[in-house]
Structures are given as structure tokens and as C-alpha cells.
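*Asks:*
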Amino acid sequence: MNEQLTGQKSIYIQIGEMMETDILRGILLEEEQVPSTNELARLYTINPATAAKGVGLLVDEGILYKRRGIGMFVSPGAREKILAKRRAAFAENHLAPLLAEARSLGISKEELIDMIGERMK
11 MNEQLTGQKS IYIQIGEMME TDILRGILLE EEQVPSTNEL ARLYTINPAT
61 AAKGVGLLVD EGILYKRRGI GMFVSPGARE KILAKRRAAF AENHLAPLLA
111 EARSLGISKE ELIDMIGERM K
């Protein structure tokens, strides 16, 4: 969790997204303990309640779970949940507008697939 906070989103959302990214990258593994809210607060110089809110989002989504008296841990299957969530967001935020623009320009499915194939080389 070496990323910097920005003013583009709420801090607690950024904390949750950074933890998700660390899980996707394999920095945080299933059943591994994650930094405490106090550690996150010190690291990012934020209020512990803000850090707790970010961690709470991940608990609500089943990405993290609490072991009473020990701390928070990465849930089994967390990586797959994050991938599914981010793929759905990618489709909504990027593909939907792309397809709408392609339709308005009269680009066929085949042409679009060819364009994507060229860019991915």
C-alpha cells in the first residue's frame, strides 16, 4: 500500500481500492492479515475512522473478514470477487460508452473487433 491519496475520490474509497489492488497484485493473499485501521491512519495521515470506513466497505463486500481480537484478514475468494466487480465496472464505465459511440459512427461489430485487435498488438 505505497500509493498516494488524491483529491479525486473520497479517501475511504481510495483506501478500499488500494487494498483491493494489493489483493489483485498478490501483495495481500487470502487468509493474510491486512494493516489495521490505526496503521492505515498513520501511513496516510488520516483519521482512523476514515480508514475504518474504507476497510468496512471491503468487509461489507465479503473481501475482508474480522477475526475477533486479532484483526482483519483477506477472505477466501476475495481476488475473484474483486475481479468480477472491476470487470463489471469496466464494462459499464468504458465499454458501454465505446459501443454507444461506435453505433453513432456506424462502426460494425467486425470493424470494432478489428480495431481492438490492431490496438492490442
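End of the sequence shown = 131 in the numbering used here, gap-free, step of one.
A virtual CB, placed ideally from N, CA and C, is assigned to each residue, including glycine.
Answer with buried or exposed for M82, where buried requires no fewer than 16 other C-beta atoms within 10 angstroms of its C-beta.
*Replies:* For the purposes of this step, residue 82 is taken as the residue at position 72 of the sequence shown. Burial call: buried.
*Asks:* Could you check whether the stretch 41-59 touches the stretch 94-108, counting it as contact only if at least three pairs of C-beta atoms, one from each stretch, sit closer than 8 Å?
*Replies:* Because the criterion of three Cβ pairs below 8 Å is not met, the stretch 41-59 and the stretch 94-108 do not touch.
*Asks:* Beta carbon of E40, beta carbon of V69: below 7 Å?
*Replies:* For the purposes of this step, residue 40 is taken as the residue at position 30 of the sequence shown. For the purposes of this step, residue 69 is taken as the residue at position 59 of the sequence shown. Going by C-beta atoms, E40 is not nearer than 7 Å to V69.
*Asks:* Considering only DSSP beta bridges, list what G81 is partnered with.
*Replies:* Counted from its first residue, the sequence shown places residue 81 at position 71. Its beta-bridge partners are R77.
*Asks:* Could you work out which residue in G116, N57, L38 and I25 is closest to R89 when comparing CA atoms only?
*Replies:* Walking along the sequence shown from the start, residue 89 turns up at place 79. The shortest Cα separation from R89 among G116, N57, L38 and I25 belongs to L38.
*Asks:* What's the C-alpha gap between L67 and E30?
*Replies:* On the sequence shown, residue 67 is found 57 positions in, with the first residue counted as 1. On the sequence shown, residue 30 is found 20 positions in, with the first residue counted as 1. Roughly 11 Å between the two C-alpha positions.
*Asks:* When you compare only the Cα positions, how much space is there between G26 and I33?
*Replies:* Taking the sequence shown and counting its residues from 1, the one referred to as residue 26 is at position 16. Taking the sequence shown and counting its residues from 1, the one referred to as residue 33 is at position 23. Spanning the two alpha carbons is a distance of roughly 11 Å.
*Asks:* Restricting to Cα atoms, I'd like to know which of S114, A51, E42 and Q43 is closest to Q24.
*Replies:* Start at 1 with the first residue of the sequence shown, and residue 24 comes out as number 14. The residue with the shortest Cα to Cα distance from Q24 is A51.
*Asks:* Under the three-state reduction of DSSP, which class applies to Q43: helix, strand or coil?
*Replies:* Counting from 1 along the sequence shown, the entry for residue 43 is found at position 33. Strand.
*Asks:* By how many angstroms is the C-alpha of M130 removed from the C-alpha of T16?
*Replies:* Counting from one through the sequence shown, the residue named residue 16 turns up at place 6. Counting from one through the sequence shown, the residue named residue 130 turns up at place 120. Looking at the two C-alpha atoms, the distance is approximately 30 Å.
*Asks:* Which class does S20 belong to by DSSP, given the choice of helix, strand or coil?
*Replies:* Locating residue 20 in the sequence shown gives position 10, where the first residue counts as 1. Note: S20 maps to coil in three-state DSSP.
*Asks:* Please state the DSSP three-state secondary structure of I56.
*Replies:* Counting from one through the sequence shown, the residue named residue 56 turns up at place 46. In this structure, I56 counts as coil in the three-state DSSP scheme.
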